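Asks: As numbered in UniProt numbering, the sequence shown has no gaps in its residue numbers, which increase by one up to the final residue, 378.
From the three backbone atoms N, C-alpha and C, an ideal C-beta is built for every residue, glycine too.
All values reported here derive from a predicted model rather than from experimental measurement.
Here it is, the structure, as structure tokens.
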Amino acid sequence: MSDVPIETLVEHLLAAKRSLSTMTAVVRANEICTTALHAYEESVVLNAETEYLRRGMANQLSVLARVKRSLNRTYDAGKKEFKQLIRMMDAADARMQATTATLRERIVQPEFREGENDGVQRSLLDFVADERVSEVVKALKASVKELQKGCRSDPAARRAQCLHLGVIAEQESHVSDLEPITSQDRADMVKIVVEDASEVEVVVHEINERLAAMENEFSLLGREANHIRRVYAGTQDAFRVLEDIGGKLVIYGAIFTKLEEMDRLREFYQGYAGAYERLILEVDRRRAVEDRVQAIWRKARESVDRLAQEDLQQRENFMQDIGEYIPTDLWPGMNASMKRWEIRPVAEEGMDPQRSTPALSRSVVEGAKARLGAGLSR
Numbered sequence: 001m002s003d004v005p006i007e008t009l010v011e012h013l014l015a016a017k018r019s020l021s022t023m024t025a026v027v028r029a030n031e032i033c034t035t036a037l038h039a040y041e042e043s044v045v046l047n048a049e050t051e052y053l054r055r056g057m058a059n060q061l062s063v064l065a066r067v068k069r070s071l072n073r074t075y076d077a078g079k080k081e082f083k084q085l086i087r088m089m090d091a092a093d094a095r096m097q098a099t100t101a102t103l104r105e106r107i108v109q110p111e112f113r114e115g116e117n118d119g120v121q122r123s124l125l126d127f128v129a130d131e132r133v134s135e136v137v138k139a140l141k142a143s144v145k146e147l148q149k150g151c152r153s154d155p156a157a158r159r160a161q162c163l164h165l166g167v168i169a170e171q172e173s174h175v176s177d178l179e180p181i182t183s184q185d186r187a188d189m190v191k192i193v194v195e196d197a198s199e200v201e202v203v204v205h206e207i208n209e210r211l212a213a214m215e216n217e218f219s220l221l222g223r224e225a226n227h228i229r230r231v232y233a234g235t236q237d238a239f240r241v242l243e244d245i246g247g248k249l250v251i252y253g254a255i256f257t258k259l260e261e262m263d264r265l266r267e268f269y270q271g272y273a274g275a276y277e278r279l280i281l282e283v284d285r286r287r288a289v290e291d292r293v294q295a296i297w298r299k300a301r302e303s304v305d306r307l308a309q310e311d312l313q314q315r316e317n318f319m320q321d322i323g324e325y326i327p328t329d330l331w332p333g334m335n336a337s338m339k340r341w342e343i344r345p346v347a348e349e350g351m352d353p354q355r356s357t358p359a360l361s362r363s364v365v366e367g368a369k370a371r372l373g374a375g376l377s378r
């Protein structure tokens, strides 16, 4: 065994080098095992999260399944509903604009603004706060703009988690100082090389076969992990769709609430305009009552003045006939004048007694009657 030809030793050396090259396969196998472990752990986590989301969305998913079966009909109905909503908003805005225009055109009669000498004409709209109308219109426009936005997914939310793949452990070689070997040691070494040389090819072939099998299994595992990731991403997308649907329902509710508020404002403005017309009629009625009262008092005053004149004449006649016979101290009030009666307006506390109800022209009163009869057609 000690006289092994040098050619044989060279062949054994080359075989040993080929066996050393299998270290790359071993390192690759270690990478596959580490990556497979990470993929398996990630798959378990994603499966758990997906199952949790699916349990939470069980009812919503059943609803979505029913919606999916009539998707086209629902889509068409949704488009019609959105168009109808826009038409409703336009109609409400048009009605509100017409009402505010009516208030803007109705100039307050100057008789109602005694004491103001600025000479500026004021309309009914100047006496109400119309900022609320602008706020409602802005809120409606903002809600419609939000509805028109498409679902935009966040790229960051779609990003898969980075995997830290195969860390290769560094190997440290602890080689002792070389010492001269004996011929016996050399003979033993050669014997081991010769005996193991025949097994090198078999072991290398087996390692390569195992590596190929691991590569195939790793490919299958990778595809399964990717499938699990896609299922998880799809579940997240469905969950976001549900959130988006819920958000849109809230927006629809807000729009209808604002439309109702605009209708209430419009009704208030219409009632305000009608109340102003009724105020004109009420002022005319009060002025007529005051005129009748003044006419009654005027007639009464004329009657009282006539009686006072007659009484004065009778007193003078009486004094001429018997005045010289009756002592003046017999009745101190004998020569006194008749008691005077005076009628004057008395106002309630805090009111000006000299201020009377304004007198409106007949054209203003008749115009108010016509507008009330026509139902505020202007």
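How about glutamate 302: is its C-beta nearer than 9 Å to some C-beta of chain B?
Replies: No chain B appears in this structure, which consists of one protein chain only.
Asks: Can you name the start and end residues of the alpha helix (DSSP H) that residue 393 belongs to?
Replies: Not covered by the structure: residue 393. The range shown for the chain is 1 to 378.
Asks: Mark histidine 89 as exposed unless 16 or more other C-beta atoms lie within 10 angstroms of its C-beta, in which case mark it buried.
Replies: Histidine is not the amino acid found at residue 89; the sequence shown has methionine there. With 16 or more Cβ atoms within 10 Å of its Cβ, methionine 89 is classed as buried.
Asks: Going by beta carbon distance, what residues of the same chain come within less than 7 Å of isoleucine 228, once the five residues before and after it are set aside?
Replies: Result list for isoleucine 228: Ser43, Leu46 and Asn47, in chain order.
Asks: Using the Cβ count rule (16 or more neighbours within 10 Å means buried), how would you classify alanine 169?
Replies: Confidence in alanine 169 is poor, its pLDDT being 29 and thus under 50, which makes the residue's placement unreliable; the coordinate value appears in the next sentence. Result: exposed.
Asks: Do you know whose CA, among Met334, Ser303 and Asp329, lies nearest asparagine 317's CA?
Replies: Residue Met334 is the option with its Cα nearest to asparagine 317.
Asks: Consult DSSP for serine 356 and reduce its assignment to one of helix, strand or coil.
Replies: Looking at serine 356 - three-state DSSP - the assignment turns out to be coil, as it is neither helix nor strand.
Asks: Per DSSP, isoleucine 107 is paired with what?
Replies: Looking at the DSSP assignment, isoleucine 107 forms a beta bridge with Ser123.
Asks: Counting only the same chain and skipping the five closest in sequence on each side, list residues whose C-beta sits under 8 Å from that of leucine 103.
Replies: For leucine 103, where only same-chain residues beyond five positions count, the Cβ hits under 8 Å are Ser123, Leu124, Leu125, Val128, Tyr269, Tyr272 and Ala273.
Asks: Please report how far the alpha carbon of glutamine 161 lies from the alpha carbon of arginine 55, in whole angstroms.
Replies: Here the model assigns glutamine 161 a pLDDT of 29, short of 50, so the residue's position is not dependable, and the following value carries that caveat. Each residue's alpha carbon lies about 24 Å from the other.
Asks: Is the separation between the beta-carbon of arginine 287 and that of leucine 360 shorter than 9 Å?
Replies: Yes. Within cutoff.
Asks: In its own chain, which residues sit with a C-beta less than 6 Å from the C-beta of lysine 258, not counting the 5 before and 5 after it?
Replies: Only Val136, Ala139 and Leu140 meet the Cβ criterion.
Asks: Distance, Cα to Cα, alanine 157 vs leucine 265?
Replies: Legend: pLDDT at alanine 157 = 32, less than 50; position of this residue unreliable, no value from coordinates given.
Asks: Please report the distance separating the alpha-carbon of leucine 249 from that of glutamine 84.
Replies: Spanning the two alpha carbons is a distance of roughly 16 Å.
Asks: Using a 10 Å radius around the Cβ and a threshold of 16 neighbouring Cβ atoms, would you call alanine 101 buried or exposed?
Replies: By the neighbour-count rule (16 or more Cβ atoms within 10 Å), alanine 101 is not buried but exposed.
Asks: Can you give me the C-alpha to C-alpha distance between glycine 253 and arginine 95, rounded to a whole angstrom?
Replies: So the two alpha carbons sit approximately 21 Å from each other.
Asks: What's the call for aspartate 291, buried or exposed, on a 16-neighbour Cβ count within 10 Å?
Replies: Answer is exposed; the Cβ neighbour count stays below 16.
Asks: For a test of the three-state rule: what should DSSP assign to glutamate 342, helix, strand or coil?
Replies: Three-state DSSP puts glutamate 342 in coil, outside helix and strand.
Asks: For aspartate 311, which three-state DSSP category applies?
Replies: Correct three-state label for aspartate 311: helix.
Asks: Let's test the definition: count the other Cβ atoms within 10 Å of the Cβ of serine 143 and tell me whether it reaches 16, buried, or not, exposed.
Replies: Classification of serine 143: buried, given that the 10 Å Cβ count is 16 or more.
Asks: Could you pull out every residue in the same chain whose Cβ sits closer than 8 Å to the Cβ of tryptophan 341, ignoring the five residues on either side in sequence?
Replies: Val304.
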